[in-house]
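Undergrad: Here it is, the structure in full.
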Amino acid sequence: MAYKIDPNKCIGCHTCMGACPAMAISIAPDGKCVIDPNKCMSCGTCAAVCPVGAIAHE
Ligand code: SF4
Ligand code: SF4
Numbered sequence: 001m002a003y004k005i006d007p008n009k010c011i012g013c014h015t016c017m018g019a020c021p022a023m024a025i026s027i028a029p030d031g032k033c034v035i036d037p038n039k040c041m042s043c044g045t046c047a048a049v050c051p052v053g054a055i056a057h058e
């Protein structure tokens, strides 16, 4: 299962995007980040760098 970003917690800092080795994270129209579950390899790096704990394993 992929990791997922909680849009209610995400502050749109985009730190996770630069940290993802699979380039699975992109910016949504609202400025927050979203993870493509088809690209995510569940490494957990994004969850480790997110300053507000918005990313969790589904
Ligand atoms: S868990 Fe790893 S591969 Fe998946 S979105 Fe986060 S950093 Fe990218
Ligand atoms: S690091 Fe966290 S707060 Fe920043 S864009 Fe990613 S999910 Fe949102």
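Per our numbering, numbering of the sequence shown is gapless, rising by one per residue and ending at 58. Cβ atoms here follow ideal geometry from the backbone N, Cα and C, with glycine treated the same way.
1. Within 8 Å (strictly less), CB to CB, does residue 13 reach chain B?
2. Going by other Cβ atoms of all chains shown within 10 Å of its Cβ, with 16 needed for buried, is residue 24 buried or exposed?
3. Below 7 Å, is the gap between the Cβ of residue 45 and the nearest heavy atom of ligand 2?
4. Tell me where the beta strand (DSSP E) around residue 33 begins and ends.
5. Mark residue 11 as exposed unless 16 or more other C-beta atoms lie within 10 angstroms of its C-beta, in which case mark it buried.
TA: Here's the rundown:
1. No chain B appears in the structure shown, which is made up of a single protein chain.
2. buried
3. no
4. 33-35
5. exposed
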